[in-house]
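Chains A and B, in that order, are what the protein sequence lines are. Under the numbering used here, the first residue of the first sequence is numbered 1, with each subsequent residue one higher. Under the numbering used here, the first residue of the second sequence is numbered 1, with each subsequent residue one higher. From the three backbone atoms N, C-alpha and C, an ideal C-beta is built for every residue, glycine too.
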Amino acid sequence: MAQEKASPRNFSKEITSRLGGETITFCYQCGTCASSCPVAKITEKFNPREVIRLALLGMRDEVLSGDAIWLCSSCYNCQERCPQKVEIADVIYALRNIAIREGHIPNIYSEFAAGLMSEGRIVPISKFLEKKRPEYGLPPLKPAGVDAIRKILSATGFDKIQFKKGETP
Amino acid sequence: MTTYALFLGCTIPARQPHYELSARKALTKLGIELVDLDHMTCCAPPPLQSIDLETSLAIAAHNICIAEEADLNIVTLCTGCFESLAMANAILKENEKLRMRVNKILSSVGKEFKGNKEVRHYLQVLMNDVGLKQLEKSVVKKLNKLKVASFSGCHLLRPSALLKFDDPERPKIFDNLIEALGAKSIWYRNKLKCCGGLLRGYADDVALAIAKDKIVNATKAGADCISTLCPFCFLTLDLGQMLIKSTFKEEYNMPIIHYSELLSLSLGIEPKELALDFHKVKVDSVLNKIA
Numbered sequence: 001m002a003q004e005k006a007s008p009r010n011f012s013k014e015i016t017s018r019l020g021g022e023t024i025t026f027c028y029q030c031g032t033c034a035s036s037c038p039v040a041k042i043t044e045k046f047n048p049r050e051v052i053r054l055a056l057l058g059m060r061d062e063v064l065s066g067d068a069i070w071l072c073s074s075c076y077n078c079q080e081r082c083p084q085k086v087e088i089a090d091v092i093y094a095l096r097n098i099a100i101r102e103g104h105i106p107n108i109y110s111e112f113a114a115g116l117m118s119e120g121r122i123v124p125i126s127k128f129l130e131k132k133r134p135e136y137g138l139p140p141l142k143p144a145g146v147d148a149i150r151k152i153l154s155a156t157g158f159d160k161i162q163f164k165k166g167e168t169p
Numbered sequence: 001m002t003t004y005a006l007f008l009g010c011t012i013p014a015r016q017p018h019y020e021l022s023a024r025k026a027l028t029k030l031g032i033e034l035v036d037l038d039h040m041t042c043c044a045p046p047p048l049q050s051i052d053l054e055t056s057l058a059i060a061a062h063n064i065c066i067a068e069e070a071d072l073n074i075v076t077l078c079t080g081c082f083e084s085l086a087m088a089n090a091i092l093k094e095n096e097k098l099r100m101r102v103n104k105i106l107s108s109v110g111k112e113f114k115g116n117k118e119v120r121h122y123l124q125v126l127m128n129d130v131g132l133k134q135l136e137k138s139v140v141k142k143l144n145k146l147k148v149a150s151f152s153g154c155h156l157l158r159p160s161a162l163l164k165f166d167d168p169e170r171p172k173i174f175d176n177l178i179e180a181l182g183a184k185s186i187w188y189r190n191k192l193k194c195c196g197g198l199l200r201g202y203a204d205d206v207a208l209a210i211a212k213d214k215i216v217n218a219t220k221a222g223a224d225c226i227s228t229l230c231p232f233c234f235l236t237l238d239l240g241q242m243l244i245k246s247t248f249k250e251e252y253n254m255p256i257i258h259y260s261e262l263l264s265l266s267l268g269i270e271p272k273e274l275a276l277d278f279h280k281v282k283v284d285s286v287l288n289k290i291a
């Protein structure tokens, strides 16, 4: 931790060099984000201003292995209102992207990834409902481009991420 | 006749045939032709953006490429799909560097994002291709006994710089479309705030508390129903009421009804054609006010 605190610039550089993280250093800690946040209203575990502060202080471990970055509901209220044009929801995505690469992967995200890789959809469609479509008067479902998805996942290195093994949803 | 490539996404075909059914029936009746294209996939929504933003952009772009090849603009029903695809479309049209990066990935599947098509939510199709006046004229059953709490969901409006759908703080389009059916669109507290849906599966207790707030506020404002556009908001608020009942021992019975269902009913489509059994909270009280 002492070492982390000594190099806050390294962590903010790491974040700003990533897709979504570019604007984090514009933050001047006004708290408009926290007061616009529907989650912060419900739980003390999440406060977007605090996440940004910790990241800019270089508390890498605390930010990446903590609960907070996963509690953003991606509603973009904060991003819409930020006077400094910090793209807060996107910054949180960037932090999640780094955390995932380092093995901090909530189970639900492993399930989403499994669905994507096997069916091309994060919410797989049950055979039961697919069969019932004509009964409702719905046309047959077109096949999903699973092969294309797999090739894209391989081209970006997504398929190298060590998701937790579990049953495919 | 205006033709669109219909982008269904995952949640609607997986869980909400009533949404798909009502949207197809209503849009077709209003003269919009919907084409189903092969090989569309997940839209790459927030759960995937959380895993990898670059992959998500490429997956969204891949879907747009399929529509480009068919020379069709895309229409989505789900607001989540709208956000993922419209955001990627706007970013990749504007940002040449990123476009080149994504096209390099897409070359592995023989595709290239050209940026010559639009991604629209079906409300935009109703506003721009059908028009409010024509819509009003097409209504055969006016919903004038109904007080509707509109809930567009976050990703129809935000981030507004990329989506450019409506004023993000004072939106009007959805409410105008509700009033075009003869219903009253009412104001309720925190109308534009999130349903908490994306926290389901990670922090169920937080998600449910946010959803409950929504139900309570609409109830206090005297709404007959909450009207949704997003299948995730629907699930969070509809199934959510079953969970609110078991967790908080509170019962609201607030019908959650997709706008496409209200639209279909007002266009004279029979309730029995709309697979309304998929609603957990029964919508009979709404139907009674329409009959």
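### Query
Are D36 of chain B and L6 of chain B close, meaning C-beta to C-beta below 8 Å?
yes
### Query
Is it true that the CB of F113 of chain B sits closer than 8 Å to the CB of L106 of chain B?
yes
### Query
By how many angstroms is the C-alpha of P168 of chain B removed from the C-alpha of V51 of chain A?
25 Å
### Message
Considering only their Cβ atoms, is the gap separating A211 of chain B from V123 of chain A smaller than 8 Å?
### Response
no
### Query
chain B partners of A155 of chain A, CB-CB under 7 Å?
I105, S108
### Task
Apply the 10 Å Cβ neighbour rule to M242 of chain B and answer buried if 16 or more other Cβ atoms are within range, or exposed otherwise.
exposed
### Task
Within the same chain, show all residues whose beta-carbon is closer than 7 Å to that of E167 of chain A, passing over the 5 residues directly before and after it, in chain order.
Residue confidence for E167 of chain A is low, a pLDDT of 45 falling below 50, so the modelled location carries little weight; the figure read from the coordinates is stated next. Here the set comprises nothing.
### Query
Is K289 of chain B close to chain A, meaning its C-beta is less than 8 Å from at least one C-beta of that chain?
no
### Query
By the criterion of Cβ-Cβ separation under 9 Å, what are the contact partners of L62 of chain B in chain A?
In the sequence as displayed, the identity of residue 62 of chain B is His instead of Leu. Neighbours of H62 of chain B on chain A, chain order: G145, A148, I149, I152.
### Task
Leaving out five residues on either side along the sequence, give the residues of the same chain with a beta carbon under 6 Å from the beta carbon of M1 of chain A.
Note that M1 of chain A has pLDDT 48, beneath the 50 cutoff, so the model's placement of it is unreliable and no number is given.
#### Entry: chain B within 8 Å of V51 of chain A, Cβ atoms only
no
### Query
Can you check whether the CB of V102 of chain B is closer than 8 Å to the CB of L30 of chain B?
no
### Task
Please compile the residues from chain A whose C-beta is within a distance smaller than 8 Å of the C-beta of M40 of chain B.
K142, A144, G145
### Message
Determine whether the beta carbon atoms of V91 of chain A and G21 of chain A lie at a separation below 8 Å.
### Response
yes
### Query
Hey, C194 of chain B and G80 of chain B: beta-carbon distance below 8 Å or not?
no
### Query
From B:K111, B:K164, B:A180, pick the residue whose C-alpha is nearest to that of G131 of chain B; which is it?
B:A180
### Message
Strictly below 7 Å CB to CB, what residues from chain A border Y202 of chain B?
### Response
W70, P106, I108
### Query
Using a beta-carbon distance cut-off of less than 9 Å, what residues from the region 196-222 of chain B approach chain A?
G196, G197, L198, L199, R200, G201, Y202, A203, D205, V206, A207, A209, I210, D213
#### Entry: Cβ-based burial, E119 of chain A [other Cβ within 10 Å; buried from 16]
buried
#### Entry: C-alpha distance - A275 of chain B paired with V125 of chain B, whole-angstrom precision
24 Å
### Task
Starting from the beta carbon of P159 of chain B, find every residue of chain A whose beta carbon is closer than 9 Å, and list them in chain order.
Y76, Q79, E80, E87, A89, D90
### Query
Between the region 28-57 of chain A and chain B, which residues of the former have CB atoms less than 7 Å from a CB of the latter, in chain order?
P38, V39, I42, T43
#### Entry: Bounding residues of the beta strand (DSSP E) (the contiguous stretch that carries A149 of chain B)
147-151
### Query
What in chain B is Cβ-close to F112 of chain A, meaning under 8 Å?
P47, L48, I51
### Message
Using beta carbons (cut-off 8 Å, strictly below), is L129 of chain A in contact with chain B?
### Response
yes
### Query
How about N97 of chain A and K164 of chain A: do their beta carbons lie closer than 8 Å?
no
### Query
Hey, would you say I173 of chain B sits closer than 8 Å to V148 of chain B, going by beta carbons?
no
### Query
So who's on the other strand from T3 of chain B, going by DSSP bridges?
B:E33
### Task
In the DSSP assignment, find the beta strand (DSSP E) that holds H121 of chain B and state where it starts and stops.
119-121
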